[in-house]
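S.K.: Numbering (the numbering used here), first residue to last: 120 to 697. For each residue, glycine too, the CB sits at the ideal point set by N, CA and C. Quick caveat, the model's predicted, so the values are computed rather than measured. This is the structure I want to talk about, given as structure tokens.
And the structure:
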């Protein structure tokens, strides 16, 4: 697999002048010299854009859900607890612009290279990253100042006000369209291609379109049409397909846990190797004193039965214990959390039940690598994958009211085919909206497509779990209050011994301060004084007793830093963050 070697263009350029004895004050301005000496060949453009890849996420792809309602970590994130504060220092809290200057510097100078094909390709990549940069800024802050040039000291635009969200997003869409038109249509696992740009456009347009729809900003239809068109173009390209190796009970887990990605479904991945680059994801997912991630009960409840019926339609689903609730479910459930007879990736002997490294009892195993990587990991990290295009296509058309059964069959039902699940039926979904999901998303479009929109949200949450989408989804759907719904774990009917794999032996023992009665074979012992249940001596594990908090008038955006507001009197703080 080809690795992306990231070299800072500015560090490279600096080397050109290492031996120069001319007095620094006699030199031309740095940017002038840099451009004159550096931008000569197609290789120079490639080296320059390589630096932009550092803007892409790494392990954050698989840790962001721990700051949402999907996963409860040992310490809940500030944004979940409603404890975000206004940052003080200039450029902090995400209000930083250095990488934008690098991109704009490149775009002002790339034309010096005579190679026309290289200019088209690498200017497209630069504008991909500018679109990516501004998309993140708009999600976080709403209105932001749009800059498409390098700002020098004294430039009055340094102190401009924030530009309207819609103006900025028009520019973002222009950038990503340029990227799609100019970056070659190649299948390259570690490089930005036209296909990467198509998926980014679909993601941006879906987010912005649904944000405008549910927040009442207007002008959303065109964006949703663009989301559907971009994802459809990617689907019709035939460049990618879903990864199915191993069959319905293996493929989904295998996709994320394997060491090396391939370009079957994965469009862009961060490449790691044992000797050349490692990360801490395995440690974060397994160390009891670190993340101790636990999947929330309402997500577990959202997985359908194997026959396509709803788990939450069953009588008594609320008080089912672990072994029973894991039976005959969507195969993605036990490829996402450790089910009965869980086996570590790459091993053949079932692992003893271990609830000590998970707050809710539902252990995260999606993207958990082999045991030898639980201290230092080197498995690749997926950044963009084809499945997202299928989800975007269906959701955009459902929110527009143009979704057909054929649309579902070329998108969502492909995802269900991968795991051997029955197809989603448009008419049936709309005739009988799921009340469990309706209570989860009270702001959902109440029109004729309510039922299928709810089902698409189910599918998206399950398919993209632990890939960093959940918080943004809640924000764009105007469902921030979902954070305040209970985030609990496994249900226990009583204290004492519990058999998690139905082999007649105790796996988990609960006590109220006296563990003397614990069977010797029990691999997990829980003191409910330390890990409480919702009903005292019975109920759900309750690791987040204070619960989440979300201020509808404030928390859809982040605050700007105090120093930036003082330095630029034209900036205004986001509402209710004063």
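1) Would you tell me roughly how many angstroms separate the C-alpha atoms of residue 269 and residue 260, rounded to the nearest one?
2) Indicate whether residue 181 and residue 353 have their beta-carbon atoms separated by less than 7 Å.
3) Which value, in whole angstroms, describes the spacing of the CA atoms of residue 554 and residue 600?
4) So, is residue 146 buried or exposed, given that buried needs 16 or more other C-beta atoms within 10 angstroms?
5) Could you please give me the residues that DSSP links to residue 396 through a beta bridge?
6) Report, in whole angstroms, the separation of the C-beta atoms of residue 343 and residue 318, which I expect to be a contact under 8 Å.
7) Could you tell me whether the stretch 444-463 touches the stretch 642-660, using the rule of 3 or more Cβ pairs below 8 Å?
8) Which first and last residues belong to the alpha helix (DSSP H) in which residue 504 is found?
9) For the alpha helix (DSSP H) that contains residue 248, what are its first and last residues?
10) Looking only at C-alpha atoms, which of 451, 283, 284 and 617 sits nearest to residue 368?
11) Give the straight-line distance between the Cα atoms of residue 358 and residue 303, rounded to the nearest whole angstrom.
12) Give the C-beta separation of residue 413 and residue 608 to the nearest angstrom, bearing in mind that I take them to be a contact with Cβ-Cβ under 8 Å.
13) Who are residue 644's beta bridge partners in DSSP?
14) Which of the three DSSP states is assigned to residue 282 in this structure?
15) Look at the alpha carbon of residue 446 and the alpha carbon of residue 434, and state the distance between them as a whole number of angstroms.
16) Could you please give me the residues that DSSP links to residue 496 through a beta bridge?
17) May I ask which residues mark the beginning and end of the beta strand (DSSP E) holding residue 698?
18) For residue 643, which residues of its own chain have a beta-carbon under 7 Å away from its beta-carbon, when the five flanking residues on both sides are left out?
19) Along the chain, where does the beta strand (DSSP E) that runs through residue 698 open and close?
20) Does the structure place the stretch 425-432 close enough to the stretch 392-408 that three or more beta carbon pairs sit under 8 Å?
21) Hey, residue 293 and residue 316: beta-carbon distance below 7 Å or not?
22) Apart from the five residues just before and just after residue 683, which ones in its own chain have a Cβ nearer than 8 Å to its Cβ?
23) Are residue 250 and residue 511 touching if we call contact CB-CB under 7 Å?
24) Please classify residue 454: is it buried, with 16 or more other beta-carbons within 10 angstroms of its beta-carbon, or exposed?
25) Keeping to the same chain, check which residues put their C-beta closer than 8 Å to that of residue 695; ignore five residues upstream and five downstream.
26) The alpha helix (DSSP H) that contains residue 184, what's its start and end?
27) Return helix, strand or coil for residue 673, following the three-state DSSP convention.
28) Which one of 576, 547 and 543 has the shortest CA to CA distance from residue 556?
29) Along the alpha helix (DSSP H) that carries residue 594, what are the first and last residues, could you check?
30) Is there contact here, the stretch 609-625 with the stretch 378-395, by at least three beta-carbon pairs under 8 Å?
31) Around the C-beta of residue 612, are 16 or more other C-beta atoms found within 10 angstroms, so that it is buried, or is it exposed?
32) What is the rounded straight-line gap between the Cα of residue 496 and the Cα of residue 395?
33) Could you tell me which whole alpha helix (DSSP H) segments of length 4 or greater appear in the stretch 533-574?
34) Grab the span of the alpha helix (DSSP H) containing residue 166 for me, first residue to last.
35) Could you check where the alpha helix (DSSP H) with residue 355 kicks off and where it finishes?
36) Is the beta carbon of residue 284 closer than 7 Å to that of residue 384?
M.R.: Looking at the atomic coordinates:
1) Taken atom to atom, the span from the alpha-carbon of residue 269 to that of residue 260 is near 22 Å.
2) For residue 181 and residue 353, no; Cβs fall outside 7 Å.
3) Straight-line Cα distance between these residues: approximately 17 Å.
4) Interpretation of residue 146 is limited by its pLDDT of 40, a score under 50 that renders its predicted location unreliable; no figure is taken from the coordinates.
5) When beta bridges are read from the DSSP output, residue 396 appears opposite 392.
6) Not confirmed; about 16 Å, so no contact.
7) The stretch 444-463 makes no contact with the stretch 642-660; the number of CB pairs closer than 8 Å stays below 3.
8) No alpha helix (DSSP H) holds residue 504; the beta strand (DSSP E) holding it covers 500-504.
9) Secondary structure note for residue 248: its alpha helix (DSSP H) is the uninterrupted segment 235-260.
10) Selected option, being the one with the closest Cα: 451.
11) A straight-line Cα-Cα distance of about 13 Å links residue 358 and residue 303.
12) So it is a contact: roughly 6 Å between Cβ atoms.
13) Checking the DSSP bridge columns, you'll see residue 644 partnered with 628.
14) In the three-state scheme derived from DSSP, where H, G and I count as helix and E and B as strand, residue 282 is classed as strand.
15) Taking the straight line joining both Cα atoms gives about 15 Å.
16) Beta-bridge pairing by DSSP links residue 496 to 398.
17) Residue 698 is absent from the model: the chain starts at 120 and stops at 697.
18) The residues are 472, 473, 474, 475, 626 and 627.
19) Here the chain comprises residues numbered 120 to 697, so residue 698 is not present and cannot be evaluated.
20) By the Cβ criterion, the stretch 392-408 is not in contact with the stretch 425-432, since fewer than three pairs of Cβ atoms, one from each stretch, lie closer than 8 Å.
21) Not in contact: residue 293 and residue 316 (Cβ atoms no closer than 7 Å).
22) Closer than 8 Å at Cβ, skipping near neighbours: 209, 210, 214 and 690.
23) No, these two residues do not count as a Cβ contact at 7 Å.
24) Taking all protein chains shown into account, residue 454 has 16 or more neighbouring C-beta atoms within 10 Å of its C-beta and is therefore buried.
25) Cβ within range, chain order: 670, 672 and 673.
26) Element bounds for residue 184: n/a, residue is neither H nor E.
27) In the structure shown, residue 673 adopts coil according to DSSP, grouped into three states.
28) It is 576 whose Cα lies nearest to the Cα of residue 556.
29) Judged by DSSP secondary structure, residue 594 falls within the alpha helix (DSSP H) whose first and last residues are 589-595.
30) No contact exists between the stretch 609-625 and the stretch 378-395.
31) It counts as exposed.
32) Taking the straight line from one Cα to the other gives about 11 Å.
33) For the stretch 533-574, whole alpha helix (DSSP H) runs of length 4 or above, ordered along the chain, are 545-550 and 554-559.
34) Looking at the DSSP string, the run of the alpha helix (DSSP H) that includes residue 166 is 161-169.
35) Residue 355 -> alpha helix (DSSP H) spans 340-356.
36) Not a contact, by the Cβ cut-off of 7 Å.
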